[in-house]
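K.L.:
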Amino acid sequence: MTGLLIRGATVLDPETPLAQADVLVEGDVIVEVAPRLAPGGARVIDADGMILMPGLVNAHTHSSQSLDQGTTPNLPLDLWMMWAVYGGLELDGDELYTTAAAGALEMLRTGCTSVIDHAVVFPHRFHEHAEAVMSAYDDVGMRAGVAPLVHDRDFFESLPLYLVGDAEPLEPIAAPQDVPPLLRDLEAFLERWGGRHPRLTPLLGPSAPQRCSDEFLEGVAALSRTHGAGVHTHLLEARSQVLATRRRWGRSVVDQLDDLGLLGPHASYAHGVWLTDAEYATVRGSGSVLVHNPISNLRCGSGVMPVPQLLAAGTPLALGSDGAASNDNQNMFEAMKFGTLIQTMCGHHSTWPKPDDLWRMCVLGGAAALRQPVGRVAPGAMADLVLLRGARHTTVSKEGLVSSLVLSEHGESVATVVVGGEVVLEDGASTRVDEPAIMARARALNDKLHGHLDGRRQVYESAEATLTRMLDAVDDEPLDVERRMLSGPR
Ligand SMILES: [Zn+2]
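Sequential numbering from 1208 applies to the sequence shown in the numbering used here.
1) Taking 6 Å as the line, does the beta carbon of residue 1477 fall inside it for any heavy atom of ligand 1?
2) Going by the C-beta, is residue 1529 closer than 6 Å to any heavy atom of ligand 1?
3) For the putative contact between residue 1304 and residue 1362, defined by C-beta atoms under 8 Å, what is the C-beta separation to the nearest angstrom?
4) Between the beta-carbon of residue 1315 and the beta-carbon of residue 1624, is there less than 7 Å?
5) What is the rounded straight-line gap between the Cα of residue 1693 and the Cα of residue 1428?
6) Please give the ranges of any beta strand (DSSP E) in the segment 1337 to 1390, keeping only runs that are unbroken, at least 3 residues long and fully inside the region.
7) What did DSSP end up calling residue 1672 once you bin it into helix, strand or coil?
8) With H, G and I counted as helix, E and B as strand and the rest as coil, what does DSSP make of residue 1589?
9) Residue 1485 to residue 1641, Cα distance in whole Å?
10) Using CA atoms only, rank isn't needed, just tell me which of 1498, 1481, 1662, 1370 is closest to residue 1439.
11) Taking Cβ positions, are residue 1259 and residue 1517 nearer each other than 7 Å?
12) Looking at residue 1645 and ligand 2, is the gap between the Cβ and the nearest heavy atom below 6 Å?
13) Less than 7 Å between the beta carbons of residue 1342 and residue 1306, yes or no?
14) In the DSSP assignment, the alpha helix (DSSP H) including residue 1315 goes from what residue to what residue?
15) List the DSSP bridge partners of residue 1617.
16) List in chain order: all unbroken beta strand (DSSP E) runs of 3+ residues lying wholly within the segment 1511 to 1589.
17) Skipping 5 residues on each side, what residues in its chain have a beta carbon closer than 6 Å to that of residue 1328?
18) Between which two residues does the alpha helix (DSSP H) holding residue 1462 run?
19) So residue 1640 is in the alpha helix (DSSP H); what residue range does that whole segment cover?
20) Taking contact to mean 3 or more Cβ pairs, one atom from each stretch, closer than 8 Å, check whether the segment 1268 to 1287 and the segment 1656 to 1674 are in contact.
21) Is it the case that the segment 1441 to 1448 contacts the segment 1392 to 1411, given that we only count it when at least three CB pairs across the two stretches are under 8 Å?
22) Does the Cβ of residue 1487 have 16 or more other Cβ atoms within 10 Å, making it buried, or fewer, making it exposed?
23) Can you tell me whether residue 1544 is buried or exposed? The criterion is at least 16 other CB atoms within 10 Å of its CB, across all chains shown.
24) Drop a sphere of 10 angstroms on the beta-carbon of residue 1369, count the other beta-carbons inside from all chains shown, and report buried for 16 or more, exposed for fewer.
25) Take the Cβ of residue 1405 as the centre, count every other Cβ of all protein chains shown within 10 Å, and call the residue buried at 16 or more, exposed below.
26) Please classify residue 1409: does DSSP put it in a helix, a strand, or coil?
27) Put residue 1425 into one of helix, strand or coil per three-state DSSP.
28) Taking residue 1367 and residue 1454 to be in contact with their CB atoms under 8 Å, please state how far apart those CB atoms are, rounded to whole angstroms.
29) Is it right to say residue 1379 is buried, meaning 16 or more other beta carbons lie within 10 angstroms of its own, or is it exposed?
30) Which runs of the alpha helix (DSSP H) spanning at least 4 residues fall entirely within the segment 1256 to 1289, listed in chain order?
31) What do you reckon, are the CB atoms on residue 1568 and residue 1580 nearer than 7 Å?
32) Tell me which same chain residues have a C-beta within less than 8 Å of the C-beta of residue 1288, skipping the five on either side of it?
33) For the putative contact between residue 1401 and residue 1436, defined by C-beta atoms under 8 Å, what is the C-beta separation to the nearest angstrom?
34) In chain order, what residues of the same chain lie with their CB nearer than 7 Å to the CB of residue 1630, ignoring the 5 residues before and after it?
35) Just mark residue 1269 as buried or exposed, buried being the case when its beta carbon has 16 or more other beta carbons within 10 Å.
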């Protein structure tokens, strides 16, 4: 690879002033940012009048849901799970390849170059499914940390169903898994991919603490230590999880994770809405990254993360779209906008975060979650770069430009995308894969997913009454924190 010289763009970097400059890339790294650089043997991209920003980072999604837009009603998380997760079809390897490739293309087209994919795989086809997802990111050219999502406890075991007694017990909905084979599959995945690919990183992805036995979580922590692997999981997304985890462990789930060795800079936690101040302090002290998913939290009524307080305390925060079943797209510009605006419902206006706060969460927080030197347009950073046509946005000031991007852009200005020094999207089209063919397969799969809505509804209705009574009881339980603003009669 001879390199790239991106010439004359307005360079938007989170840590330096806005400037017009050339950016020289050698291999997969930015080596120089300065005016009038000599190209040497590098390919020159004339970017006059364009904006060059670091690729956005989506620090939490589920690729298996990438084609689930419009399949799932707005419902509280525990009811949503019945419809979106347990009512869904089991996809095969080819279909999971299609969902991951379609999601990756959507992210590239909307300026996102890195993702943490908490990728749903089915334990009985673990390797086929994990390989399918890795292959999709390999082919499309996106940077990805892939955390196969697994758990060993039944979903209903993870809920505070004690609140409604056991008059109508629910049959298990997911077969409990034996821990040793699950851990062997995860270890084989780490050995197969760890340090083997310039853009792809294997991660450990227990679904959520309450859906895992202590034996499994201890095994995950041991694998993380042995292989130096990152851990990615959900944490206290919904109110019900506070009650379920306190009941199970008799104490804070955060303290339990800490004792299990699952907190630290190697760990990122999606959602983190319902932690107490003390729990947030424990997470912050450990260096773990919390991944905010504002659209998904709105979609499932999970509540509003106290972002201003967390930012003020210096908590590492990243930003995610979450899966399309709880977001309907994978657009990180939208995630930044919602993340900015949702906070106007909470607290004094002097505490509302600025668009720049959400942008920094997305690029710098995302880099911390991914544990890779991305998110910058600066020497030494990975050359994950996005060129935007400048017509829509002013470059008079950095503050104005970031606000314009966060609040008015949807990705329509994205022209060229570079990942690891390679142009993977040019004039809005993939340079690597047959996009029309993938989108045709995606369209057919989307039809199939929508064709199964009655099947989803049946699964949902089998538990709707019991879970609704449970959620009403959850709302009646006093907690130390409240993250939703409920006004008027329930
Ligand atoms: Zn999620």
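Where a beta carbon is used, it is the ideal one built from N, C-alpha and C, also for glycine.
P.N.:
Quick answer:
1) yes
2) yes
3) In fact, because the Cβ distance is near 26 Å, the residues do not count as touching under 8 Å.
4) yes
5) 38 Å
6) 1350 to 1353
7) helix
8) strand
9) 50 Å
10) 1498
11) no
12) With respect to ligand 2, the structure shown offers nothing to examine, as its ligands consist of ligand 1.
13) no
14) 1300 to 1316
15) Its beta-bridge partners do not exist; DSSP assigns none.
16) 1524 to 1526
17) 1336, 1337, 1355
18) 1460 to 1467
19) Run containing residue 1640: none; DSSP gives neither H nor E here.
20) yes
21) no
22) buried
23) buried
24) exposed
25) exposed
26) strand
27) helix
28) 6 Å
29) exposed
30) 1284 to 1288
31) no
32) 1362
33) 7 Å
34) 1623, 1638
35) buried
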